[in-house]
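J.: Got a structure here, written out as structure tokens. Questions coming.
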Amino acid sequence: MDRRRKNPRIFNILLAILCIVVFAGFAAFLLWNRQDVAQETARLQELAQEQQMEERADRQNQTDAAASENEESADGVSETEGGDESLTDDEAGTTASGDGGSGAGDTAEADDGSGETASEEASEESGSAGAEETAEAQTASMGISCWGDEFYEPEAAEQYSYRAVLQRILDENGYDLTVANKTLEGAGTLSMMKMAGVPQEDLDAYIAQHEASGGNLAVTETGIRDLTEEETDRWERDYIPVLMMGYYGGWNNDIQELIEQQQKILDTFGVNKENFIIAGIPPLDKTVGTSEYDAAMEGAWGEHYVSTAQTSRYALSSKEGQEEIAQAIYEKLLELNYIGAPQNTEAEGQQAAAETEGQSAEETETQTAGEAGTEGNTENESAAA
515 MDRRRKNPRI FNILLAILCI VVFAGFAAFL LWNRQDVAQE TARLQELAQE
565 QQMEERADRQ NQTDAAASEN EESADGVSET EGGDESLTDD EAGTTASGDG
615 GSGAGDTAEA DDGSGETASE EASEESGSAG AEETAEAQTA SMGISCWGDE
665 FYEPEAAEQY SYRAVLQRIL DENGYDLTVA NKTLEGAGTL SMMKMAGVPQ
715 EDLDAYIAQH EASGGNLAVT ETGIRDLTEE ETDRWERDYI PVLMMGYYGG
765 WNNDIQELIE QQQKILDTFG VNKENFIIAG IPPLDKTVGT SEYDAAMEGA
815 WGEHYVSTAQ TSRYALSSKE GQEEIAQAIY EKLLELNYIG APQNTEAEGQ
865 QAAAETEGQS AEETETQTAG EAGTEGNTEN ESAAA
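Mind the numbering: the sequence shown is residues 515 to 899 in the numbering used here, read in order.
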């Protein structure tokens, strides 16, 4: 009886020890995996910095060459302007010697006044039409949703990222549109699809394909980040989608797979899923060339595509580079008529009013001077009579 009682106790002890060992091994695996992910992310960021330095040096060389060409062009233009000025002086002298009566001048001024009035009326009509178009566009969509890669830490991103610059451009042009931040810093496209709500079955299929391809895969090709509820919340589902993704991988260096992944994210949007913009960024590891990348993207997305390589003269993650990307996206929004015509801001309205007042004052002075000249001529004629 004692032996039977001892055997279950020993068995339970051994089972407990085994469970502890398994649990400790699992914890060690999780710790190792987290460290591996951190190391891979640091490696990718280091590669990005090196590439940015190379791109910045190339841009600087191009800028210096362009400045040299501009200086040579400016010298030629100044010589041409010198000749034009002498011709203008001769023409001015001829005009002064052949000056006609004051009646013709008054008539011309009257014509100018009527022309300016018609121009102002046309401007007001076009402004009203533009405001109506903008109101209709904003009724359909009240924001822009920026998805994909982020190159700055959160604090710096709120000031320098392309989406922050795009928000300022929209505000300055009178748009009441919100730019939503759905970007991830240093993440792969698998994590972005997860955040968008692409089914897990699709993600598992991509991971299996990447693992089957073999080789030393980056963590972004098989790993998916842990995402918060705030990150996976799709409150901006009806906004206009702007996708700029793939810089850190996740698409197995296959452009067609990246295009397929972009479409899967677009499919998660609502009423504006057809009103989208794709901003292309070739991969960090340069496994796909810029020309090949742009050709495939333009073939797939057509007029919806913006090439960051063609629109930006600076390094992609630099302040200047992000500003140029934001400007290119804004111009594409206008080109595709997603947001309607820009509206004048309050400052622009005040400037226009000041210019109108100045023109009115000049017209009044000119008219007064003309009337005084006419009265003087009448008095001289009376005296001669």
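Here a beta-carbon is modelled for each residue, glycine too, at the ideal position from N, C-alpha and C.
Given the structure is predicted, the values throughout are model-derived calculations rather than measurements.
Looking only at its chain, what residues have a beta carbon closer than 8 Å to the beta carbon of LYS778, apart from the 5 residues adjacent to it on each side?
T.: Counting only Cβ-Cβ distances below 8 Å, and skipping sequence neighbours, we find MET707, ALA710, VAL712 and ASP716.
J.: Which one of MET656, GLY657 and ALA678 has the shortest CA to CA distance from PHE910?
T.: Summary: the structure shown does not reach residue 910, with the chain confined to residues 515 through 899, and so no result is reported for it.
J.: How many angstroms separate the CA atom of ARG751 from the CA atom of LYS787?
T.: The straight-line gap from Cα to Cα measures roughly 9 Å.
J.: Taking THR697 as part of the beta strand (DSSP E), name the residues at either end of that continuous run.
T.: Start and end: 692-699.
J.: If the criterion is Cβ atoms closer than 7 Å, does the pair SER832 and TYR753 meet it?
T.: It is not a contact, given that the beta carbons lie outside the stated cut-off.
J.: Between which two residues does the alpha helix (DSSP H) containing TRP815 stretch?
T.: Run containing TRP815: 804-815, per the alpha helix (DSSP H) assignment.
J.: Taking the beta strand (DSSP E) that ASP768 belongs to, which residues open and close that run?
T.: It is not in any beta strand (DSSP E) - ASP768 carries neither H nor E in the DSSP assignment.
J.: Within its chain, find whatever has a CB closer than 7 Å to the CB of ALA840; leave out the 5 residues flanking it on each side and keep chain order.
T.: For ALA840, where only same-chain residues beyond five positions count, the Cβ hits under 7 Å are TYR676, VAL679, LEU680 and ILE683.
J.: DSSP state of MET656, grouped into three classes?
T.: MET656: coil per DSSP, three-state reduction.
J.: Who are the near neighbours of ASN695 in its chain, counting only those whose CB is closer than 7 Å to its CB and skipping five residues on each side?
T.: Closer than 7 Å at Cβ, skipping near neighbours: CYS660 and ARG677.
J.: Return the CA-CA distance between TYR689 and MET656, expressed in angstroms with no decimal places.
T.: So the alpha carbons of these two residues sit roughly 9 Å apart.
J.: Using a 10 Å radius around the Cβ and a threshold of 16 neighbouring Cβ atoms, would you call GLN776 buried or exposed?
T.: Answer is buried; the Cβ neighbour count reaches 16.
J.: Whole angstroms are fine: how far does the CA of CYS533 sit from the CA of ILE524?
T.: Their Cα atoms are separated by approximately 14 Å.
J.: Spatial neighbours of GLU806 within its chain, please: CB distance less than 8 Å, with the 5 preceding and 5 following residues excluded, ordered by chain position.
T.: Answer for GLU806: ILE769, listed in chain order.
J.: What residue range is occupied by the uninterrupted beta strand (DSSP E) comprising MET759?
T.: Where MET759 is concerned, there is no enclosing beta strand (DSSP E), given that its DSSP letter is neither H nor E.
J.: Please determine, among ILE791, PRO797, ASP808 and MET811, the residue with the shortest C-alpha to C-alpha distance to ASN851.
T.: Per the Cα distances, ILE791.
J.: Among GLY737, ALA855 and ASN789, whose alpha-carbon lies nearest the alpha-carbon of GLY700?
T.: The option with the nearest alpha carbon to GLY700 is GLY737.
J.: Whole angstroms are fine: how far does the CA of GLU837 sit from the CA of GLU901?
T.: Look at the range of the chain in this structure, 515 to 899, and you will see that residue 901 is not part of it.
J.: For LEU532, which of helix, strand or coil comes out of DSSP?
T.: If DSSP states are grouped into helix, strand and coil, LEU532 belongs with the helices.
J.: Give me whichever residues DSSP pairs with SER727 in a beta bridge.
T.: Partner(s): none; SER727 has no beta bridge.
J.: Could you say which of ALA829, LEU528, LEU848 and LEU741 lies nearest to ASN575 if we only look at CA atoms?
T.: Considering only alpha carbons, the answer is ALA829.
J.: Exposed or buried, what is ALA542 when buried is set at 16 or more other beta-carbons lying within 10 Å of its beta-carbon?
T.: With fewer than 16 Cβ atoms within 10 Å of its Cβ, ALA542 is classed as exposed.
J.: How big is the Cα-Cα spacing for GLY816 and PHE537?
T.: Cα-Cα distance, rounded: 53 Å.
J.: Quick one: Cα of LEU848 to Cα of ALA855, how far?
T.: Their Cα atoms are separated by approximately 7 Å.
J.: With a 10 Å radius around its C-beta and 16 neighbouring C-beta atoms as the bar for buried, classify VAL535 as buried or exposed.
T.: VAL535 should be labelled exposed.
J.: PHE783: buried (16+ other C-beta within 10 angstroms of its C-beta) or exposed?
T.: Burial call: buried.
J.: Just to confirm my understanding: we take ASP603, look at its own chain, exclude 5 residues before and 5 after, and list those with CB closer than 6 Å. What are they?
T.: In this prediction, ASP603 scores a pLDDT of 47, lower than 50, which makes its location untrustworthy; the coordinate-derived value is nonetheless stated afterwards. Around ASP603: no qualifying Cβ.
J.: In or out: LYS800 buried (at least 16 other Cβ within 10 Å) or exposed?
T.: Exposed, by the Cβ-count rule.
J.: What residue range does the beta strand (DSSP E) around SER826 cover?
T.: Where SER826 is concerned, there is no enclosing beta strand (DSSP E), given that its DSSP letter is neither H nor E.
J.: Might you give, ordered along the chain, the residues of its own chain that have their beta carbon closer than 7 Å to the beta carbon of LEU691, omitting 5 neighbours on each side?
T.: The residues are GLN652, MET656, GLY657, ILE658, LEU684 and ILE853.
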